[in-house]
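Asks: If you're matching positions, the sequence shown starts at 4 in the numbering used here and goes up one per residue. We put the CB at the ideal spot given by N, CA and C, even for glycine. Since the structure is predicted, the reported quantities are computational estimates derived from the model, not experimental observations.
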Amino acid sequence: MAFSFILTLALLILLAKVLGELAEKVKLPSLVGEILAGVLLGPQLLNIFEASETFHVFAEIGIILLIFIAGFEHGSIKDLLKYKKTSILISVLSSTLPIIAVVIYALMQGFSLLISLFLAVALGATSMGVSLRSLMGVGEIDSKVGKTVIGSLVLNDITGLILLTGVVGYAEITTGASGNIYWQLGKVMLSVLIFFAIFYLSFMYLPKMTTWFMRFKVEEAQFSLAIIIILLSAWAASNFGLSSIIGAFFSGVILSRSPVFENHTFVGKVSSLSYGFFIPLFFAFTGSQLSFANFLANISRTLIFLGLITTIQVGCAFLTAKLNKYTSREGLLIGLGMLPYGEVSLVVMSALISLSVLKPEFFVGQDIQGLFSSVMLLIMLSILLTPILMKIVNVLMLKTPADIKTKMTRGK
Numbered sequence: 004m005a006f007s008f009i010l011t012l013a014l015l016i017l018l019a020k021v022l023g024e025l026a027e028k029v030k031l032p033s034l035v036g037e038i039l040a041g042v043l044l045g046p047q048l049l050n051i052f053e054a055s056e057t058f059h060v061f062a063e064i065g066i067i068l069l070i071f072i073a074g075f076e077h078g079s080i081k082d083l084l085k086y087k088k089t090s091i092l093i094s095v096l097s098s099t100l101p102i103i104a105v106v107i108y109a110l111m112q113g114f115s116l117l118i119s120l121f122l123a124v125a126l127g128a129t130s131m132g133v134s135l136r137s138l139m140g141v142g143e144i145d146s147k148v149g150k151t152v153i154g155s156l157v158l159n160d161i162t163g164l165i166l167l168t169g170v171v172g173y174a175e176i177t178t179g180a181s182g183n184i185y186w187q188l189g190k191v192m193l194s195v196l197i198f199f200a201i202f203y204l205s206f207m208y209l210p211k212m213t214t215w216f217m218r219f220k221v222e223e224a225q226f227s228l229a230i231i232i233i234l235l236s237a238w239a240a241s242n243f244g245l246s247s248i249i250g251a252f253f254s255g256v257i258l259s260r261s262p263v264f265e266n267h268t269f270v271g272k273v274s275s276l277s278y279g280f281f282i283p284l285f286f287a288f289t290g291s292q293l294s295f296a297n298f299l300a301n302i303s304r305t306l307i308f309l310g311l312i313t314t315i316q317v318g319c320a321f322l323t324a325k326l327n328k329y330t331s332r333e334g335l336l337i338g339l340g341m342l343p344y345g346e347v348s349l350v351v352m353s354a355l356i357s358l359s360v361l362k363p364e365f366f367v368g369q370d371i372q373g374l375f376s377s378v379m380l381l382i383m384l385s386i387l388l389t390p391i392l393m394k395i396v397n398v399l400m401l402k403t404p405a406d407i408k409t410k411m412t413r414g415k
């Protein structure tokens with residue numbers, strides 16, 4: 004069993020890197036190849052790779068490290084606040100307009116208001132990991148496009164948490180379970196405030212405290228400290244109701260201010276461990292979740308959802324960016340950065356599945372499993388299409404003088 008797992012792990016990383024290299028040869032981001040590795044070795048084709056709990060843990064660590072690196076290298080609070088107006092507008096619009104559209108469409112399809120609300124919240128959540136990796140692929144992670152998207156994604160995650168809590172509270176009232184929607188929302192707001200208070204204190208004092216670890220003579224003590232802080236931050240965010248990747252991002256922001264971790268050696272070690280092992284496993288694991296049976300059974304509904312959400316999501320971000328004097332190319336990249344779905348969408352739909360099992364009488368005649376399959380397929384398509392569409396926009400839309408000026412300013 005152990006040998007089988009180790010062999011599978013080796014094959015998965017090998018194929019992920021080979022297909023990632025081939026993807027880059029044809030001007031596509033490497034994550035496309037990594038996802039395809041999971042599809043090929045997964046249950047749908049060769050059936051060598053089974054998405055076990057162990058692989059799931061590795062994948063979770065992969066996305067946490069990816070977001071940590073983004074926060075460490077590109078998460079300057081000063082830069083993020085520089086584009087706060089656009090980030091807030093994009094976050095608000097991308098959290099409200101698509102939700103309204105999805106609720107209306109789902110109601111028209113015969114789903115109840117409760118199911119429609121769950122679906123809308125699920126499709127209002129963006130995958131930070133895929134967005135940031137896609138931005139890295141087109142060299143925009145450190146530009147104003149990247150800063151705007153990062154700011155919007157952080158706000159989007161908090162907004163999504165509040166909306167999910169509201170929907171769960173409504174579900175408890177609708178199904179007769181005990182619960183008070185205002186009490187639930189109050190707890191969420193308090194949790195968010197406590198988390199950011201802890202982040203602020205850590206941001207101010209933790210970098211100085213880490214210098215104490217410089218006295219340690221044991222091998223790689225500083226590297227171990229970083230891993231401890233990353234994992235604890237991810238755990239804390241998760242326990243406060245936020246996504247674990249929000250904690251990972253802010254741990255990167257905090258550690259980037261510490262003199263202990265300012266050398267290039269540390270960044271190189273984390274990048275090697277992340278991009279050489281854990282991050283490819285995350286995208287391969289994602290690819291292994293694809294079900295061709297679900298694809299065929301729910302293709303029409305999924306494509307309608309994809310078209311609807313893409314039009315509204317990208318359109319809102321594009322228009323907001325244009326109104327704030329971004330170029331058309333930048334506006335499209337920002338819009339695409341708000342497109343991919345991921346772990347939060349799955350959490351929301353899993354909550355709906357659990358509720359349908361506990362209270363089946365409220366879901367009679369409602370195709371919950373089919374809807375879950377549609378969302379799963381939509382997640383896969385958005386993850387696969389986002390980096391490809393970003394690459395197309397980056398290649399076809401020539402940089403304007405404004406883009407070039409931005410690039411030159413950044414390089415000074």
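(1) I'd like the list of long-range same chain contacts for Ile92, defined as Cβ closer than 6 Å, with 5 residues on each side in sequence excluded.
(2) Let me make sure I understand the geometry here. Which of Ser357, Gly45, Pro262 and Phe198 has the alpha-carbon closest to that of Ala229?
(3) Straight-line CA distance for Val106 to Ser119?
(4) Check whether the Cβ atoms of Ser90 and Thr177 sit closer than 8 Å, and answer yes or no.
(5) Take Met400 as the anchor and find which of Leu381, Ser331 and Ala354 has the nearest alpha-carbon.
(6) If you count every other CB in all the chains shown that lies within 10 Å of the CB of Ile64, and 16 or more means buried, which is it?
(7) Starting from the C-beta of Ala287, find all residues in its chain whose C-beta is less than 6 Å away, skip the five residues before and the five after it, and write them out in chain order.
(8) Take Ile391 and list the residues in its own chain whose beta-carbon comes closer than 8 Å to its own, dropping the five residues that flank it on each side.
(9) Under the three-state reduction of DSSP, which class applies to Pro101: helix, strand or coil?
(10) How about Leu116 and Cys319: are their beta carbons less than 8 Å apart?
(11) Quick one: measure Cβ to Cβ for Gly45 and Gly290, integer angstroms, because I've assumed they're closer than 8 Å.
(12) Should Lys190 go down as buried or exposed, given a rule of 16 or more other Cβ atoms within 10 Å for buried?
(13) Which ranges would you report for the alpha helix (DSSP H) in the stretch 183-271 if only whole runs of at least 4 residues count?
(14) Flag this pair as touching only if the stretch 339-359 and the stretch 268-276 have three or more C-beta atom pairs under 8 Å; answer yes or no.
(15) Going by DSSP in three states, Glu143 sits in which element: helix, strand or coil?
(16) When you compare each of Thr389, Leu209, Gly172 and Ile233 to Arg260 by their alpha carbons, which one comes out closest?
(17) Count the other C-beta atoms from every protein chain shown that fall within 10 angstroms of the C-beta of Tyr203, then say buried if there are 16 or more, exposed otherwise.
(18) Okay, do the stretch 240-256 and the stretch 190-199 touch, 3+ Cβ pairs below 8 Å being the bar?
(19) Does the pairing of the stretch 140-148 with the stretch 360-376 give three or more beta-carbon distances under 8 Å?
(20) With DSSP as the reference, label Leu122 as helix, strand or coil.
(21) Leaving out the 5 sequence neighbours to the left and right, which residues in its chain are closer than 8 Å to Val317 when beta-carbon positions are compared?
(22) Tell me whether the beta-carbon of Lys87 lies closer than 8 Å to the beta-carbon of Gly149.
(23) Ile231: buried (16+ other C-beta within 10 angstroms of its C-beta) or exposed?
(24) Within a Cβ cutoff of 7 Å, which residues of the same chain sit near Ala174, ignoring the five residues on either side of it in sequence?
(25) Taking the alpha-carbon of Glu56 as reference, which of Leu284, Val360, Thr129 and Gln369 has the nearest alpha-carbon?
(26) Nearest-angstrom Cα distance between Met111 and Phe253?
(27) With the cut-off set at 8 Å, would you say Val351 and Val124 are in Cβ contact?
(28) Where Ile249 and Leu276 are concerned, what is the direct C-alpha to C-alpha distance, given to the nearest angstrom?
(29) Quick check: Ser94 and Gly127, are their CB atoms within less than 8 Å of each other?
(30) Hey, how far is the Cα of Lys220 from the Cα of Ile282?
(31) Only counting the same chain, and skipping five residues up and downstream in sequence, which positions put a Cβ closer than 6 Å to that of Met383?
(32) What does the alpha-carbon distance come out to for the pair Thr412 and Lys325?
(33) Could you check which residue in Phe206, Ala251, Ile102 and Ile233 has the C-alpha nearest to that of Thr1?
(34) Near Val133, what residues of its chain come up, given a Cβ to Cβ distance below 8 Å and the 5 sequence neighbours on each side ignored?
(35) Classify Leu49 as buried or exposed, calling it buried when 16 or more other Cβ atoms lie within 10 Å of its own Cβ.
Replies: If we stick to the structure as given:
(1) Sequence index remark: in the sequence shown, residue 92 carries index 89 (1-based). A quick correction: the sequence has Leu, not Ile, at residue 92. These residues qualify, in order along the chain: Thr323.
(2) Start at 1 with the first residue of the sequence shown, and residue 229 comes out as number 226. The option with the nearest alpha carbon to Ala229 is Pro262.
(3) Numbered from 1 along the sequence shown, position 103 holds the residue referred to as residue 106. Numbered from 1 along the sequence shown, position 116 holds the residue referred to as residue 119. Straight across, the Cα-Cα distance linking Val106 with Ser119 is about 5 Å.
(4) What you label residue 90 is simply residue 87 of the sequence shown in a count that begins at 1. What you label residue 177 is simply residue 174 of the sequence shown in a count that begins at 1. Not a contact, by the Cβ cut-off of 8 Å.
(5) Stepping through the sequence shown from its first residue, residue 400 is reached at position 397. Looking at the Cα atoms, Ser331 is the closest of the given residues.
(6) Position 61 of the sequence shown, counted from the start, is the residue given in the question as residue 64. Residue burial is scored here from C-beta neighbours: Ile64 has at least 16 other C-beta atoms within 10 angstroms and is therefore classed as buried.
(7) Within the sequence shown, residue 287 is the residue found at index 284, counting from 1. Excluding residues within five positions, the ones whose Cβ falls inside 6 Å are Leu15, Ala19, Glu37, Ala40 and Gly41.
(8) The sequence position of residue 391 within the sequence shown is 388, counting from 1. Same-chain partners within the cutoff: Leu31, Pro32 and Val35.
(9) As a first step, residue 101 is located in the sequence shown; it is residue number 98 there, counting from the start. Note: Pro101 maps to helix in three-state DSSP.
(10) Reading the sequence shown from its first residue, position 113 is the one you call residue 116. Reading the sequence shown from its first residue, position 316 is the one you call residue 319. It is not a contact, given that the beta carbons lie outside the stated cut-off.
(11) Position 42 of the sequence shown, counting from 1, holds the residue named residue 45. Position 287 of the sequence shown, counting from 1, holds the residue named residue 290. Indeed, because the Cβ distance is near 6 Å, the residues count as touching under 8 Å.
(12) Position 187 of the sequence shown, counting from 1, holds the residue named residue 190. Only exposed fits Lys190, as fewer than 16 other CB atoms lie within 10 angstroms of its CB.
(13) 184-212, 224-242 and 247-258
(14) no
(15) Position 140 of the sequence shown, counting from 1, holds the residue named residue 143. Glu143: coil per DSSP, three-state reduction.
(16) Sequence index remark: in the sequence shown, residue 260 carries index 257 (1-based). Per the Cα distances, Leu209.
(17) Sequence index remark: in the sequence shown, residue 203 carries index 200 (1-based). Tyr203 is exposed by the Cβ-count criterion.
(18) Three or more beta-carbon pairs separated by less than 8 Å link the stretch 240-256 to the stretch 190-199, which places the two stretches in contact.
(19) no
(20) As a working note, residue 122 is residue 119 in the sequence shown. Reduced to three states, the DSSP call for Leu122 is helix.
(21) Position 314 of the sequence shown, counting from 1, holds the residue named residue 317. Excluding sequence neighbours, Val317 sits near Leu335, Gly338, Leu339, Met341 and Leu342.
(22) Locating residue 87 in the sequence shown gives position 84, where the first residue counts as 1. Locating residue 149 in the sequence shown gives position 146, where the first residue counts as 1. Lys87 is not a Cβ neighbour of Gly149, given a cutoff of 8 Å.
(23) By 1-based counting over the sequence shown, the position of residue 231 is 228. The residue is exposed, with fewer than 16 neighbouring Cβ atoms inside 10 Å.
(24) Looking up residue 174 in the sequence shown gives position 171. Once the five neighbours on either side are set aside, the close Cβ partners of Ala174 are Leu117 and Leu358.
(25) As a position in the sequence shown, residue 56 is number 53, starting the count at 1. Of Leu284, Val360, Thr129 and Gln369, the residue nearest in Cα terms is Leu284.
(26) Here residue 111 corresponds to residue number 108 of the sequence shown, with the count starting at 1. Here residue 253 corresponds to residue number 250 of the sequence shown, with the count starting at 1. The alpha-carbon atoms of Met111 and Phe253 are separated by roughly 41 Å.
(27) Within the sequence shown, residue 351 is the residue found at index 348, counting from 1. Within the sequence shown, residue 124 is the residue found at index 121, counting from 1. Contact: yes.
(28) Position 246 of the sequence shown, counted from the first residue, corresponds to residue 249. Position 273 of the sequence shown, counted from the first residue, corresponds to residue 276. Cα-Cα distance, rounded: 20 Å.
(29) Residue numbering aside, residue 94 sits at position 91 when the sequence shown is read from its first letter. Residue numbering aside, residue 127 sits at position 124 when the sequence shown is read from its first letter. For Ser94 and Gly127, no; Cβs fall outside 8 Å.
(30) One-based indexing of the sequence shown puts residue 220 at position 217. One-based indexing of the sequence shown puts residue 282 at position 279. In a straight line, the C-alpha of Lys220 is about 30 Å away from that of Ile282.
(31) Along the sequence shown, read from residue 1 onward, the residue named residue 383 stands at position 380. Once the five neighbours on either side are set aside, the close Cβ partners of Met383 are Leu293.
(32) Taking the sequence shown and counting its residues from 1, the one referred to as residue 412 is at position 409. Taking the sequence shown and counting its residues from 1, the one referred to as residue 325 is at position 322. Residue confidence for Thr412 is low, a pLDDT of 45 falling below 50, so the modelled location carries little weight and cannot support an answer.
(33) Lying before the first or after the last residue shown, residue 1 is absent from the chain, which here runs from 4 to 415.
(34) Residue numbering aside, residue 133 sits at position 130 when the sequence shown is read from its first letter. Excluding positions up to five away in sequence, the list reads Leu34, Pro343, Gly345, Ser385, Ile386, Thr389 and Pro390.
(35) Here residue 49 refers to the residue found at position 46 when the sequence shown is read from its first residue. Per the 10 Å Cβ criterion, exposed.
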